[in-house]
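Right, one structure below, let's go through it.
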Amino acid sequence: MRKLAVFNNVSLDGYFTDKNNDMSWVYNVSPDAEWDVFVAGNASGEGVLLFGRKTYELMAGYWPTPMAAQQMPEVALGMNRMPKIVFSNTMDKASWNNTKLVKSDPAAEIRKMKKESGPDMVILGSGSIVAQLAGEGLIDEYQFVVVPVVLGGGRTMFEGVWERLKLKLAQSRTFRNGKVFLSYETAA
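Under the working numbering, residue 1168 is the last one in the sequence shown; the count climbs by one each step, no gaps.
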C-alpha cells in the first residue's frame, strides 16, 4: 500500500504561511551546508508530489524558471522531474510538466491511489488539502521543518480538523541554521 506524507515548514508559533499567505520567511535563515544537502537529498528521491491550487501556482511559477535552476539546481531538477498532482475545482488545466489535474474529492482520490501500486506520495504546502486528508485519517506521516521565527498570525495546516490526531515521533534532526526537522507517524 502506498503511503502519504506531508512535508511543510512551520514557524515556532505553528503557522505555515503568514497573515498575507507569504512563505518567504522560510528562507530568512543563516546559510547552512548541512541543510542544503538535506534539501537536495529530499528532492532527489522518488515519489508523487501533491498540491492544492494555491501551492501549485506558487511552485509552478518558480521551479521551472532559470532562477530556480541557478539558485537550487538539485531541487529544481527534482521538482520538475517528479510526477505531480494538483487538486482544484477552479483550474482548467495544469501547465507544469508531469502534472495531473484532479477535480474530484481529494479524500476519495487518495483512498484510490493508496490502494494502487506506485511510489509514495507527499503533500507540499496545501493546508486545506492537509486538513481534509488529516481529518479523514489518510496521512501516514507528518514531516515538519520548524523555522526559528515567530509570525504572530497566519494559517495553520490543521484548520478544520476537529478530532485529536495521535502521532508518535519517528525522527528528529537539528541544523546549525536553527531549523529542526521533525517526523511524526500516525499512532494506532
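Quick reminder that beta carbons are idealized off the backbone N, C-alpha and C, glycines included.
Which word fits residue i, buried or exposed, when buried means at least 16 other C-beta atoms lie within 10 angstroms of its C-beta?
{"i": "residue 1017", "result": "exposed"}
{"i": "residue 981", "result": "exposed"}
{"i": "residue 1102", "result": "buried"}
{"i": "residue 1050", "result": "exposed"}
{"i": "residue 1149", "result": "exposed"}
{"i": "residue 1056", "result": "buried"}
{"i": "residue 1114", "result": "buried"}
{"i": "residue 1133", "result": "exposed"}
{"i": "residue 1045", "result": "exposed"}
{"i": "residue 1178", "result": "A query on residue 1178 cannot be resolved here, the shown segment of the chain reaching from 981 to 1168 and no further."}
CB-CB under 8 Å to residue i, same chain, minus the five flanking residues each way: which ones, in chain order?
{"i": "residue 1127", "result": "989, 990, 991, 992, 1005, 1006, 1009, 1158 and 1159"}
{"i": "residue 1147", "result": "1122, 1164, 1165, 1166 and 1167"}
{"i": "residue 1011", "result": "1157"}
{"i": "residue 985", "result": "1100, 1101, 1102, 1103, 1119, 1120, 1121, 1122 and 1123"}
Quick one: what's residue i bridged to in DSSP?
{"i": "residue 1140", "result": "According to DSSP, residue 1140 bridges with nothing at all."}
{"i": "residue 1153", "result": "1161"}
{"i": "residue 984", "result": "1101"}
{"i": "residue 1148", "result": "1165"}
{"i": "residue 992", "result": "Note: residue 992 sits in no beta bridge, so no partner."}
{"i": "residue 1032", "result": "1067"}
{"i": "residue 997", "result": "1135"}
Considering only C-alpha positions, which residue in the set the options is nearest to residue i?
{"i": "residue 1171", "options": "1076, 1116 and 1131", "result": "Residue 1171 is absent from the model: the chain starts at 981 and stops at 1168."}
{"i": "residue 1024", "options": "1054, 999 and 1012", "result": "1054"}
{"i": "residue 1086", "options": "1118, 1019 and 1002", "result": "1118"}
{"i": "residue 998", "options": "1031, 1109, 1162 and 1131", "result": "1131"}
{"i": "residue 1079", "options": "1021, 1031, 1135 and 1096", "result": "1031"}
Report all residues from its chain with a CB closer than 6 Å to the CB of residue i; omit the five preceding and five following residues, and keep chain order.
{"i": "residue 1083", "result": "1069"}
{"i": "residue 1059", "result": "1043"}
{"i": "residue 1173", "result": "Outside the shown range of the chain, which is 981 to 1168, sits residue 1173, and nothing can be said about it."}
{"i": "residue 1141", "result": "1111, 1114 and 1115"}
{"i": "residue 1139", "result": "1111"}
{"i": "residue 1100", "result": "982, 983 and 1027"}
{"i": "residue 1040", "result": "1076"}
What do you reckon, is the C-beta of residue i under 7 Å from a heavy atom of the ligand MN?
{"i": "residue 1043", "result": "For the ligand MN, the structure offers nothing, since it holds no ligand at all."}
In its own chain, which residues sit with a C-beta less than 7 Å from the C-beta of residue i, not counting the 5 before and 5 after it?
{"i": "residue 1071", "result": "1033 and 1081"}
Open item on the list: Runs of 4 residues minimum, wholly inside the stretch 1052-1140: which ones carry the alpha helix (DSSP H) assignment?
Closed with: The DSSP assignment places 1053-1061, 1086-1095 and 1107-1115 as complete runs of the alpha helix (DSSP H) inside the stretch 1052-1140, in order along the chain (cut-off: 4 residues).
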